[in-house]
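Numbering (our numbering), first residue to last: 6 to 462. Yeah, the Cβ is synthetic: ideal placement off N, Cα and C, and Gly gets one too. None of these values were measured; they are calculated from a predicted model.
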Amino acid sequence: MNAEIPWGNATVSTRWNHLFTDKLFLNTTLVYSTYDFSFGAKLDNFELKLLSGITDWNAKTNLTWIPNTEHTVKTGFDYIRHKFRPGTFSAKIGAVNISPNDVAEQFAHEFAAYISDEWKPSERFSVQAGLRATAFMQVGPFKRYLKNEFDINTDTIVYGEGDNIVTYKHLEPRLAARFILNEKSSIKASFTQNYQYIHLASISSGSMPTDLWVPSSELVKPQFGVQYAAGYFYNFADNTYETSVELYYKQYENQIEYKDGVTPGDNIGDNTDNAFVFGSGESYGAEFFIKKGSGRFTGWIGYTWSKTERTFPDINFGKTFPAKYDSRHDLSIVLNYDFTKRLNASVVFVYSTGNALTLPIGRYLVEGSIISEYGARNGYRMPAYHRADLSATYLLKKGKFFESNLNFSVYNVYNRKNPYFIFFETEGTIQDGDLKTTAKQISLFPILPSISWNFKF
C-alpha cells in the first residue's frame, strides 16, 4: 500500500498591549489560522483521496483589573469566524472514476464574553469564580437536504449568504479554590462546565487518519461537559522538588460517532451531519507528577491513568465502549543535565496506550461481494506508542548584536516503528478459493538526527 498524508497549518497573529495604570491593563489579539489535511492511498487497482480543513479568523480582547491585594478581576470578549471544509472524497477503481464528493463548505460565528475574580481573603486561602457566556451561529450559504423515513432525499432548503440557520446560547460557570495547609503543601479543587461547538468525527473501523472537524448544526447539538477535579500538592527539600496527585471526573453529552458502516465518502449529495449518531460519555483518572527545578540535574516525570468511555443507543447494541482516543496509560519523562554553563543535554521519553479501534472478525461472500462482520465497537487496541529523544546544546560566545547556540538532536533514537494507522491487504482471489486478508501497519517518523544553529537578537 502506498499512502500520502500531506497536512499543514499556518498562523498569523498580532497583539496590542496597553497599560492604563499599574492596576489596569488591556491585551488585544488578532489571529488568522488555517489547517488543511489530506489522505491518499493506493492499493492494487484501488485509489482514494480525502481532503478536509478549517480556517478561523479570531479577535479577542482581555482586560485585567487589580483593585486591591485581595482581588484580581479579569474580563474579555472573543469572536471567531469559522469556515469548515468537512471533506472532499474521490476514488478510482481500475479505470472507473467515482465522482468526487465535494461536501459544501460550512460557515459559523462564535462569540464569548467572560468575567472572573480571584479572591484572596487570607494568605492561605484563595477562590476563583467565573462566568462565561457563549453563542454559536451557523450561517449560510448552505443547503439542507431533507430525508424521508427511507433515508431518501425528498427536498432541499437553501440558505443564502449570511442567513441564520441555527443559533445556540449557553452559560458556563467555573469555580476553583486553593487552601495552603503549610509551607510545603496545599490542596486544590475545581468545578467547570463548558460547551464545545466544534466536533471531531472519527471512524473506528480500522484506523485510517480520516478524522474530520465539523460544526454544530440543526442535527448536531453542541458538546456539553462537566468536570470535577481535586489535587494535593507537596514540595520538599527547600522547594527543590514539586510533587502532586490530582483526580478528575468528566461527564459528556452530545458526542458524535459515524453510523455503523458509514464513512466520509458516503456523503455524496448529502449533508455531513446526516452520517452521525449521538450519545454520551465519561472520563476519569489520576495524574501523578514530580519535578526537580534546580541544580545541575533537573527534569520531571508525569504519569496519568485514565479511562474514557462512550455510550450510544445506536452503536454496539447500546453497550458502553472505549473512546477511540482512550489512553489508559500515559507517561512522560524529561531529564536535563548541565555539564557546564555552556553545554547541556536532555533526554525525553514518552509512552501511551494505543488507540482503540474496531476490526472485522469475519468476512462473507454475498452475491460476489465481500462483506465484513465487525467485532465489538473499539474492542481492539493498536500497539502502544513510545519513543525516546536525545539532544545536546552548546552555547556559543556572545556576538556584538546577538547570541547563538548549536543544537544536535536525535528524534526516536531507538527507531521505534510507532503505528499511525492500520490497513488490510488482500491476496489471492475468490475464484481460486485462496483469498487471504492481512492487517498491516503504517508507521511515520523513524530515527531522525538533526543539527541546528539558533540565533537570538
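- Query: On the premise that residue 222 lies in contact with residue 171, defined as a C-beta separation below 8 angstroms, what is that separation, rounded to the nearest angstrom?
  - Reply: In this structure residue 171 is in contact with residue 222, their Cβ atoms being roughly 6 angstroms apart against a cut-off of 8 angstroms.
- Item | N-terminal and C-terminal residue of the beta strand (DSSP E) that residue 113 is part of | Annotation for residue 113: the continuous beta strand (DSSP E) segment containing it runs 111-124.
- Item | Inter-residue Cα distance where the pair is residue 90 and residue 154 | In a straight line, the C-alpha of residue 90 is about 28 angstroms away from that of residue 154.
- Along the chain, where does the beta strand (DSSP E) that runs through residue 192 open and close? Where residue 192 is concerned, the enclosing beta strand (DSSP E) starts and stops at 190-201.
- Item | Close-in-space but distant-in-sequence residues of the same chain around residue 63 (CB under 6 angstroms, 5 per side omitted) | Annotation for residue 63: 36 and 85 place their beta carbon closer than 6 angstroms to its own, counting only its chain and skipping 5 residues before and after.
- Message: Taking its Cβ as the centre, do 16 or more other Cβ atoms sit within 10 Å of residue 55, making it buried, or is it exposed?
- Response: Around the beta-carbon of residue 55, 16 or more other beta-carbon atoms lie within 10 Å, marking it buried.
- Message: Assuming residue 142 is part of the beta strand (DSSP E), what are its boundary residues?
- Response: Where residue 142 is concerned, the enclosing beta strand (DSSP E) starts and stops at 130-144.
- Item | Best match in 387, 197, 377 and 34 for proximity to residue 20 [C-alpha to C-alpha] | Selected option, being the one with the closest Cα: 34.
- Message: With the cut-off set at 8 angstroms, would you say residue 310 and residue 286 are in Cβ contact?
- Response: Pairing residue 310 with residue 286 gives a Cβ-Cβ distance that is not under 8 angstroms.
- Query: Taking the runs of the beta strand (DSSP E) that are 3 residues or longer, which of them lie wholly in the stretch 275-328?
  - Reply: Complete beta strand (DSSP E) runs here, min 3: 281-297 and 302-316.
- What separation, rounded to the nearest whole angstrom, lies between the Cα atoms of residue 28 and residue 419? Annotation: residue 28 to residue 419 spans about 52 angstroms, alpha carbon to alpha carbon.
- Task: Would you tell me roughly how many angstroms separate the C-alpha atoms of residue 336 and residue 250, rounded to the nearest one?
- Result: Between residue 336 and residue 250, the alpha-carbon positions lie close to 14 angstroms from each other.
- Query: Between the C-alpha atoms of residue 459 and residue 341, what's the straight-line distance to the nearest angstrom?
  - Reply: Computed Cα separation, rounded: 19 angstroms.
- In whole angstroms, what is the alpha-carbon distance linking residue 407 and residue 396? The straight-line gap from Cα to Cα measures roughly 23 angstroms.
- Complete beta strand (DSSP E) runs within the stretch 390-452 (minimum length 3 residues, chain order): The qualifying runs are 390-400, 408-416, 424-432 and 441-448.
- Item | Closest residue to residue 207 among 121, 382 and 236 (Cα-Cα distance) | Looking at the Cα atoms, 382 is the closest of the given residues.
- Per DSSP, residue 264 is paired with what? Beta-bridge analysis with DSSP links residue 264 to no other residue.
- Message: Could you give the first and the last residue of the continuous beta strand (DSSP E) run that contains residue 170?
- Response: That run of the beta strand (DSSP E) goes 169-185.
- Measure how close the beta-carbons of residue 261 and residue 225 come, nearest whole angstrom, since I'm counting them as under 8 angstroms. The C-beta separation of residue 261 from residue 225 comes to about 6 angstroms, placing the pair in contact by the 8 angstroms criterion.
- Message: I want to see whether chain C comes within less than 8 angstroms of residue 191, judged by CB atoms only; does it?
- Response: Looking for chain C here will not work: only one protein chain is present.
- Item | residue 386 Cβ short of 7 angstroms to the ligand COA heavy atom set | Among the ligands in the structure shown, none appear at all, so the ligand COA cannot be discussed.
- Item | One or two residues paired with residue 250 in a DSSP bridge | Note: residue 250 sits in a beta bridge opposite 237 and 293.
- Are there 16 or more other CB atoms within 10 angstroms of the CB of residue 217, so buried, or fewer, so exposed? Counting of Cβ neighbours within 10 angstroms places residue 217 among the buried residues, the total reaching 16 or more.
- Item | Delimiting residues of the beta strand (DSSP E) encompassing residue 354 | Here the beta strand (DSSP E) through residue 354 covers 348-357.
- Sorted by chain position, which residues of the same chain lie with C-beta nearer than 8 angstroms to residue 195's C-beta, five sequence neighbours on each side aside? Excluding sequence neighbours, residue 195 sits near 179, 180, 181, 182, 232, 233, 234 and 235.
- Item | Cβ-Cβ separation, residue 198 to residue 228 (assumed contact under 8 angstroms), whole Å | Not really, about 12 angstroms apart at Cβ, beyond 8 angstroms.
- Task: Find the nearest neighbour of residue 263 within the set 301, 254, 242 and 317, judged by alpha-carbon distance.
- Result: Answer by Cα proximity: 317.
- Considering only C-alpha positions, which residue in the set 127, 254, 241 and 148 is nearest to residue 185? Per the Cα distances, 127.
- Reducing DSSP to helix, strand and coil, say where residue 166 ends up. Coil, per DSSP.
- Query: Would you call the CB atoms of residue 424 and residue 409 closer than 8 angstroms?
  - Reply: Not closer than 8 angstroms, so no.
- Start-to-end residues for the beta strand (DSSP E) that takes in residue 367: Judged by DSSP secondary structure, residue 367 falls within the beta strand (DSSP E) whose first and last residues are 365-371.
- Task: Report the option in 455, 166, 331 and 430 whose CA atom is closest to the CA atom of residue 314.
- Result: Nearest option by C-alpha distance: 331.
- Query: In whole angstroms, what separates the C-alpha of residue 429 from that of residue 386?
  - Reply: Each residue's Cα considered, the two are about 16 angstroms apart.
- Message: Please state the DSSP three-state secondary structure of residue 74.
- Response: Reduced to three states, the DSSP call for residue 74 is coil.
- Query: Whose CA, out of 174, 247, 38 and 24, lies closest to the CA of residue 189?
  - Reply: With distances taken between Cα atoms, residue 189 lies closest to 247.
- Got a sec? Which residues, its chain only, sit under 6 angstroms from residue 302 by beta carbon, not counting five neighbours each side? If the five residues before and after residue 302 are omitted, its C-beta is found closer than 6 angstroms to the C-beta atoms of 342, all from its own chain and listed in chain order.
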